[in-house]
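Input: a single structure, listed below in structure tokens.
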Amino acid sequence: MGDSINCREAHARLHDFLKRELTPELAAEVEAHLEHCRPCFREAAFEERFLLMLREKAAGTCCPDRVKARIVAALHAEFQAEDG
Amino acid sequence: MAEPTTAGRPFDAEALPHLDALYRVALRLTGDPTQAEDLVQDTMLKAYRSWRQYRPGTNAKGWLLTILRNTFINDYRRRKLEPVATDLEAIEPHAIYRRVEDVDPEGTFFSQIVDEKVLEAVDALPPEFREVLVLSDMEGLSYAEIAESLAIPVGTVKSRLFRGRRLLQTALYQYAVETGIIPAREAPMGQSDG
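So the protein sequences, as listed, match chains A and B.
Residue numbering for the first sequence follows the numbering used here, beginning at 1 and increasing consecutively.
Residue numbering for the second sequence follows the numbering used here, beginning at 1 and increasing consecutively.
In structure tokens, the structure reads:
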């Protein structure tokens with residue numbers, strides 16, 4: 001597969017590429033470009049690091065067990081009201 | 001983390017695994033832990049009552065987040081939903097990569113900022129950008145799922161996400177410079193955007 005897209009085209013697709021929203025064909029073209037365009041590769045790595053950081057920060061927050069228990073209790077009260 | 005016990009009901013099996021995600025999004029929408037707790041509980045009760053409308057095998061997380069978001073708008077947000085100002089959509093924040101490519105091209109500064117500061121910066125985004133960014137980049141929903149959940153076109157999802165990310169990067173960059181995580185760049189702000 002040849003490097004058929006230029007920096008501008010690769011840049012325009014970068015966000016969709018990082019979000020895995022491109023078709024395999026379009027994604028392969030971006031990948032091929034990034035493989036031998038160092039400036040674009042570095043920028044893509046930067047954006048990817050930003051997105052990874054956001055996922056990590058999000059994963060650090062969980063619904064407290066106390067709240068989960070309260071919600072399960074409220075749901076069960078609802079179940080019983082329905083059954084009874 | 002102990003998962004809540006379920007009574008073997010299909011609703012429990014489909015919905016309870018998403019409590020963490022619902023709580024995170026509720027926190028970002030309300031900005032308040034107590035309100036977030038109430039919002040998640042209201043969401044779960046509403047979801048249970050409309051369980052028959054859920055099509056098994058479809059995206060339960062997206063369905064629950066849609067209920068959460070609608071509940072937030074109808075019952076929690078004090079002011080009515082204000083239409084997005086046109087100048088908000090016209091915002092073209094700077095590409096932060098161009099500012100840091102000489103000093104921190106790998107973006108290590110992002111990871112050096114403590115969690116609370118990152119979340120504060122997310123909370124400070126305009127609401128329309130914040131909800132799209134949270135759903136996409138923190139909870140992993142696709143463009144299509146977000147578009148359906150917010151009842152906006154995919155193109156709008158993408159443009160809000162793009163601007164939200166850039167605004168967030170700008171805020172984190174400024175924080176990193178202020179706190180000395182990365183050195184200030186000599187060129188004045190407003191040049192060499194990409």
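Glycine is no exception: its CB is placed at the ideal position from the N, C-alpha and C atoms.
Quick caveat: nothing in here was measured; it's all calculated off a predicted structure.
Could you check the C-alpha separation between Asn6/A and Arg13/A for me, to the nearest Å?
11 angstroms
Terminal residues of the alpha helix (DSSP H) in which Glu178/B lies
Val154 to Glu178
Could you check if Asp75/B is buried or exposed, using at least 16 other CB atoms within 10 Å of its CB as the buried criterion?
exposed
Does Val114/B come out as helix, strand or coil in the three-state DSSP assignment?
coil
Test item: CB-CB of Leu39/B and Ala26/B under 7 angstroms:
yes
Taking just the CA atoms, how far does Ser136/B sit from Ile20/A?
It is worth fixing the name first, because residue 20/A is Arg in this sequence and not Ile. C-alpha separation (whole angstroms): 12 angstroms.
At a cut of 8 angstroms, does the region 16-33 of chain A reach the region 43-55 of chain A through at least three beta carbon pairs?
yes
Please confirm if Gly62/B has its CB atom under 7 angstroms from at least one CB of chain A.
no
Taking the alpha-carbon positions, what's the Pro183/B to Ile96/B distance?
14 angstroms
Tell me the start and end of each unbroken alpha helix (DSSP H) in the region 36-82 of chain A that is at least 4 residues and wholly inside, in chain order.
38-59
So, with DSSP's three-state summary, where would you put Asp55/B?
Rather than Asp, the amino acid found at residue 55/B in this sequence is Arg. Arg55/B: coil per DSSP, three-state reduction.
Have a look at Arg8/A and Val30/A and give me their C-alpha separation to the nearest angstrom.
11 angstroms
Could you check the C-alpha separation between Pro24/A and Thr43/B for me, to the nearest Å?
37 angstroms
Check each residue of the region 24-43 of chain B: if its Cβ is closer than 8 angstroms to any Cβ of chain A, include it; give the result in chain order.
Arg24, Leu27, Glu37, Val40 and Gln41
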